[in-house]
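Enquirer: Provided herewith is a single structure, encoded as C-alpha cells, for subsequent inquiry.
Protein chains in written order, with our numbering: chain A, 151 to 449; chain B, 1409 to 1752; chain C, 71 to 401.
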C-alpha cells in the first residue's frame, strides 16, 4: 500500500478552537447505547421516584401475577410479581442501582490498582517489571469464575465483598494493557525530552504518561463494566453475591429460576436488563476505541 | 519566451521523440479525498505524459498530491475515503480508469509496477524472499517448479543481490533496508512492466545505499527501456535521475520542464523558491532563502492561485483568478500569471 | 580552537551494550560496541555536526551527551569537569545547560498539553519563578521562534510540522541552555520549511551564543550549519575537521564516499565515482583492523591487521591514519 503521506500530513487549521479535534460532533455519537446508559443512570439515581412500589414490599395475595399484557395480569404490576408478591418492575429498577454501583465501583478499584501496577512495571522495567508481571500472570492463569465463587463463598455475601472479588479479578487485565501502553508511550520523544528537562519520574508519569493513557482507560473501563455486571449477576445468582432481599439483578434471576416454565417473567426481565446494559457498555467502549484509534495513530 | 494562453491543463508534449508515442498518458485526472475537515481535491486536473525509456520526476511536498496521483493511476485509493472523479489514464491506449477491477488487476503489477518508500512494510515478514518474488514471477510469466526458481534467482541477480540462490530461502528481516528495496525492485520488474512508479523508494535508505540503488535503477532502465515515474521531494534525486520534471503544489501541476531547463530557468515562482531554499554542498551561503508561510490547507484553498499567499511575485489578479498554463519554451510549461504579464 | 576550557569535551568515550544469551539469558555472549572511542570538543557558539549512516553510533553519542546513558568507558566533561564527578545538584545544573530537539515533530510534543505548558515545563521544573513570570517568558520565547504568543493556548495537533519544531526549539531555549543537541531537526519537515528552521537555528546561535551538536545526514545542511564536522563509522570517528575543510579536502575514503553519494544539485554535475559496494556491517561484529576496510576501494591486506588511530594531519583536521590515507597524502 503506497504511503498515504498526503492524507496524514494535511496540515490542520491553525486557528481552530482549542481541543476541538478530540471531542466528537453530536451526529457521530453512538446515540442508542448512550441513551440506554442514560436511562440506566436515571433509574439508578431516581429509583425511589420511578419504581411504583418498594422493592422489598411483599404482597402475598398478589403473588405470581403475570405481566400486564398476559391474561391475568394488570397494569398495577406491569412486569408481574414474584413468589412473594414483590413487584418485578420495581425490583428491576432498584436492581439497576445495585448492579451499576457494584460494577462501577469495582472497576474503578480494579482500574486504580491495575493502572498503578502497569505504570510502574512499564515505566521502570527491570526487577519491578519482572516481579509485578509474574504476579499478574499468576492471577490471570486461574479461571476467573472459580476464583470468584471460592472467594465470594469464603468472604460471605455482601456488597463490599462483591466489590472486592471483582476488583481482585479485574485488576490484572488492566495492569497488562496499561503496561503495554506505557511501554509504547515511553518511546515517544516527549517523554525523553521530559527527562532531559529534569522532570522527576513521578512528574513524567502523572503529566506525560497518564494523560495519554486516558483513552485506553476509558475503553477498557467501558468494556469491563459489562463483564463486571455479568460477574456480579452470576455471583448473586449463585447466592454468594449481593445478599437478599437486596434486588440485584442476579438475585432476581435466581428468584425465578425454579419457575422458568410457569412464572417466566421473574427471570426474564432482569435477564433482559443485564443483556441490554452490557451491550450498551460494550458498544460505547467499541465506539470510544474506534473514535480515538486513528487519532492515536497520528500522535 | 513564447507567450500563449493555452487551455488550462493541456498536457505538455516532449519536443524530440516523434515516432514513439507516450506509453502513459494522464489526462485531466482529479481525485477527491474525504477528510475530517470536508472533501478536498487531492489531485486537481492533472495531466502529463510519460515516454518509454525516460524518467519523469513528480516533485512536491506533503499535500501536493504526488502520492495521491500515483494511487489514482494504480486505482489503489483508500476505500470510502478516496475517489477519482474525473479524467483518463491511458496505458498504451487503454483507459485504466474505465476498466473493471478484475481487468485492472491484469495491469497492476504486471505492465504497471510500483516500488514504495518503506522497505519494512513493503514485504510480507512471514514469507521468504523466494516465495514473494516467486509469487509475482509465477503469476505474470506462468512459470512453475524448477523454471520458476531459476527465474526467481535471475530476477534477484538482475537486482544485483549477491548469492541469489541462497537468498531465496531467507526472510525479509534478515536483510538490510537496501536489500529489501532491491527485492521490492525484483518483484516490480517481474511483469515485466512498461511503466514503473517509484514512490520515494530511497527516502528511508542511507546515503551510500541510496546512491547504489539509484545507479541500479538507471541501469535496469537502460537495459529494458522502462519508463519511470519517480515521485520525490529531493532535488538531488531529480538532478541525477530524471529527464523531465513535473512540479506539483496543492494538487495541481504548476510546472513541467526538461530537467536542465528546470534547474537553470525555473519559470514558476514556487519552483524557483524551492530550488533556492535548498542548501548547497558546493558553496557557502550565509542565510538560506526561505519561503514564507506553510503548505496550504487543501480544504481552504483560495479562489485564485494556490501559491499566491506565499509568492513573492503575487499580485491581486493571482489571488482571484486561477492562472493559465503558459508555454515557456519547448517542452516547458508553467501555470503562472507572472508569465503572461498578469493578464494585461 | 582557543586554549580555554571547551564547553563540552568527550575523551575516548565508549558505550557497549552487552548481548546476553545462554539458557536463562544471563551469559554475555558479545557486545554491541555502539560507540567505541569517540573524542571531540565544542566551544561556545559553535556547531559540531556528526554525520554517518545507520549504525554508526551518532544517536548513541547524542544520548551520552544528554546523559540519557552513561558511558562504559571514557569521560564526558562539561566545562572541564567530568560528569561522573558531579553531585546531584551539579548534575541538575548540567541538565539545564544541555537541552535537545529531536527529529519527529509529531512525537516531540505531548498531545495532551497546550503549547505554552510544553514550553514552560523546563522552567516550572527547574526554577521557582512565579506563574506570571513564567507566562511572560513563554510569550517572549514564542516570539523568538517566530510564533505568536496567543498560540500558546493551542494544542499540538493544531500546528503544522514546522510550527511544532519551533515549539520544540522554544522549549529547549526556555532555561537558557548553553548547548542544544539537534537530532535531525529538519529531516521530517517539508523542503520549503527546512530553510526557515535552519535560518532560525543560526539566528539563535548568533544572538544567544548557543552551541549545537547537530546530527544530520544531509551533507549540504551540515556544511551550511557547522563549524566542525565529525564523520562516524561503526562507532568511531574516522575524520574530524572544520566544516568547509571537510568538504573541500576530505581525506578519509569513507568521507569521500559519503560526499560522492550526496547527490549533486545540478543535472550536469555528475557525481564522480566512488559508489561503495556492500552494506554497513553490524556493530555487533565489526571488521578487524580498520573497520572500513571491507568496503574501502583502496584497501590492502595490511588494513585488516592494524587499527588506525585518529591523528591531527592538518591543523584542526583529524583523520584515522590508516595505510590508505597515508598513501594518499604521500602521493
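Here a beta-carbon is modelled for each residue, glycine too, at the ideal position from N, C-alpha and C.
1. Of all the residues that make up the stretch 113-135 of chain C, which are near chain F by a beta-carbon distance shorter than 7 Å?
2. Quick check on residue 422(A): buried or exposed, where buried means 16 or more other Cβ atoms within 10 Å of its Cβ?
3. Please name the residue, chosen from 338(C), 358(C), 332(C), that lies closest to residue 1688(B) on a Cα-to-Cα basis.
4. Could you tell me how far apart the beta carbons of residue 1676(B) and residue 1742(B) are, in whole angstroms, since I believe they sit closer than 8 Å?
5. Under DSSP, the alpha helix (DSSP H) around residue 1555(B) begins and ends at which residues?
6. Are three or more beta carbon pairs between the stretch 321-331 of chain A and the stretch 357-366 of chain A nearer than 8 Å?
7. Using a Cβ-Cβ cutoff of less than 6 Å, which residues in the same chain neighbour residue 172(A) once the five nearest sequence positions on both sides are dropped?
8. Give the residues of chain C in contact with residue 1699(B), contact being defined as C-beta atoms less than 7 Å apart.
9. Step through the CB atoms of chain B and report whether any lies within less than 9 Å of the CB of residue 337(C).
10. So for residue 88(C), helix, strand or coil by DSSP?
11. Hey, does residue 344(A) have any beta-carbon neighbour from chain C nearer than 9 Å?
12. Could you list the residues in the stretch 263-294 of chain C with a C-beta less than 8 Å from some C-beta on chain B, going in chain order?
13. For the stretch 202-253 of chain C, list the beta strand (DSSP E) runs that are entirely contained and at least 3 residues long, ordered along the chain.
14. Which bits of chain A does residue 165(C) rub up against, with CB to CB less than 8 Å?
15. Leaving out the 5 sequence neighbours to the left and right, which residues in its chain are closer than 7 Å to residue 1643(B) when beta-carbon positions are compared?
16. If contacts are defined as beta-carbon pairs under 8 Å, then residue 1516(B) and residue 1482(B) qualify, I think. What distance do you get, rounded to the angstrom?
17. Using the beta-carbon of each residue, which ones in chain C are nearer than 9 Å to residue 1537(B)?
18. By DSSP, does residue 1583(B) sit in helix, in strand, or in coil?
19. Is residue 1492(B) helix, strand or coil when you go by DSSP?
20. Contact defined as beta carbons within less than 8 Å: I believe residue 134(C) pairs with residue 105(C). What is the distance between those atoms, to the nearest angstrom?
21. From the beta carbon of residue 1592(B), is the nearest beta carbon of chain C less than 9 Å away?
22. I want to verify the contact list: residues of chain A whose CB lies under 9 Å from the CB of residue 169(C), in sequence order.
23. Can you tell me whether residue 1652(B) is buried or exposed, with buried defined as 16 or more other CB within 10 angstroms of its CB?
24. Taking Cβ-Cβ distances shorter than 9 Å, what residues in chain B pair up with residue 331(C)?
25. Beta carbons nearer than 8 Å to chain C: which residues of the stretch 1679-1693 of chain B have them?
26. Which residues, in order along the stretch 1730-1744 of chain B, keep a beta-carbon less than 7 Å from a beta-carbon of chain C?
27. Chain A partners of residue 182(C), CB-CB under 7 Å?
28. I'd like the span of the beta strand (DSSP E) that includes residue 281(C), first residue to last.
29. For residue 1577(B), does the count of other Cβ atoms within 10 angstroms reach 16, so buried, or fall short, so exposed?
30. Measure from the C-beta of residue 362(C) to each C-beta in chain A and report whether the shortest distance is under 9 Å.
31. The alpha helix (DSSP H) with residue 331(A) in it runs from where to where?
32. Quick one, which of 428(A), 296(A), 440(A) has its alpha-carbon nearest residue 187(A)'s?
33. If we define contact as Cβ-Cβ less than 9 Å, is residue 1801(B) a contact residue for chain C?
34. Going by C-alpha distance, which of 219(C), 256(C), 291(C) is nearest residue 205(C)?
35. Roughly how many angstroms separate the alpha carbons of residue 308(A) and residue 284(A), rounded to a whole number?
36. Quick one: what's got a C-beta closer than 6 Å to residue 1670(B)'s C-beta in the same chain, skipping five residues either side?
Expert: The structure says:
1. Looking at the structure shown, chain F is missing, and the protein chains on hand are A, B and C.
2. exposed
3. 332(C)
4. 4 Å
5. 1553-1566
6. yes
7. Reliability of the predicted coordinates at residue 172(A) is poor, the pLDDT of 47 falling under 50, and no value is obtained from them.
8. 262
9. yes
10. strand
11. yes
12. 263, 264, 265, 266, 268, 269, 272, 287, 288, 289, 290, 291, 293, 294
13. 249-253
14. 346, 347, 348
15. 1683, 1686
16. 6 Å
17. Those do not exist, as residue 1537(B) stays about 16 Å from chain C at its closest Cβ, beyond 9 Å.
18. coil
19. strand
20. 7 Å
21. no
22. 343, 346, 347
23. buried
24. 1614, 1615, 1616, 1617, 1618, 1619, 1620
25. 1681, 1682, 1685, 1686, 1687, 1688, 1689, 1690, 1692, 1693
26. none
27. 361, 362
28. 281-285
29. exposed
30. no
31. 309-336
32. 428(A)
33. Since the first residue of chain B shown is 1409 and the last is 1752, residue 1801(B) is not available in this structure.
34. 219(C)
35. 30 Å
36. 1653
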